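*Asks:* First, the structure itself, so that you have it in front of you.
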Amino acid sequence: MIKVKNIFKDGAIAPAFIAESIAKHQSKTNIGGHSIFLGQIREDNFEGKKVEAIEFTAYTEMALQTASEIREEVIKKYHLTCAHYYHSIGRVAKGEICFFVFTSAPHRKEAIEACNELVERFKKEVPLFGKEILEDNTHIWKENK
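One gets my numbering by counting positions in the sequence shown from 1 and adding 7 to each.
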């Protein structure tokens with residue numbers, strides 16, 4: 008049975024949380040490579056209006072189950088030492104981090120390939136939704152790409 012872990016963080020993912028996550032792995036001497044992806048809110052333009060933030064929502068139970076299954080499949084496929092990812096829920100302002108993926112393996116190639124697969128599969132398969140908040144306080148629903 009797959010252990011379902013809460014990967015959602017309220018608001019932006021703090022740089023200190025990312026640094027702490029990296030630091031915790033220094034004692035794991037069977038790791039030869041890490042790969043990290045950080046997703047950040049862009050100040051896009053939509054019909055001449057700037058994006059100020061994205062408000063994320065999810066079908067939480069389904070999203071957590073799907074994310075856990077993806078994580079376990081990728082760990083096995085690439086023989087990872089560990090893999091972690093976290094995504095924001097709620098409002099995240101432009102310039103802030105909303106997605107943190109961290110993979111570790113005995114060799115860099117597996118860590119890099121696994122990180123890329125986790126990012127792509129998460130974006131395609133996890134029921135997470137983003138509402139872009141524009142500068143005039145109107146909004147549009149963001150499509151995952």
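Built from N, CA and C at the ideal position, the CB exists for glycine as well. As the structure is a computational prediction, the values presented were derived from the model and not from experiment.
Are the CB atoms of F107 and Y85 nearer to each other than 8 Å?
*Replies:* F107 places its beta carbon 8 Å or farther from that of Y85.
*Asks:* For V99 versus G18, is the C-beta spacing smaller than 8 Å?
*Replies:* yes
*Asks:* If you compare alpha carbons, which of K116, A60 and G137 is closest to G102?
*Replies:* A60
*Asks:* Run the CB neighbour count on G137, radius 10 Å, all protein chains shown included, and call it buried at 16 or more, exposed below.
*Replies:* The residue is buried, with at least 16 neighbouring Cβ atoms inside 10 Å.
*Asks:* Short check: CB of A121 to CB of L71, under 8 Å?
*Replies:* no
*Asks:* So, A90 versus F15, is the Cβ gap smaller than 8 Å?
*Replies:* Cβ distance not < 8 Å, so A90 and F15 don't count as in contact.
*Asks:* May I have a chain-ordered list of the beta strand (DSSP E) segments no shorter than 3 residues that lie completely inside the stretch 24-94?
*Replies:* 40-47 and 56-65
*Asks:* Do you know offhand how far S34's Cα is from S28's?
*Replies:* 12 Å
*Asks:* Find out if the Cβ-Cβ distance for the pair F44, L135 is shorter than 8 Å.
*Replies:* no
*Asks:* Can you list the beta strand (DSSP E) stretches of 3 or more residues lying completely in the stretch 105-142, in chain order?
*Replies:* 135-141
*Asks:* For I139, does the count of other Cβ atoms within 10 angstroms reach 16, so buried, or fall short, so exposed?
*Replies:* Sequence check: residue 139 is Glu here, not Ile. When all chains shown are included, E139 counts as buried.
*Asks:* Quick one: what's got a C-beta closer than 8 Å to I147's C-beta in the same chain, skipping five residues either side?
*Replies:* F53, K138, E139 and L141
*Asks:* Taking I38 as the reference, which of I104, E117 and A74 has the closest Cα?
*Replies:* E117
*Asks:* Comparing C-alpha positions only, which one of K57, I96, F109 and K56 sits nearest to I82?
*Replies:* F109
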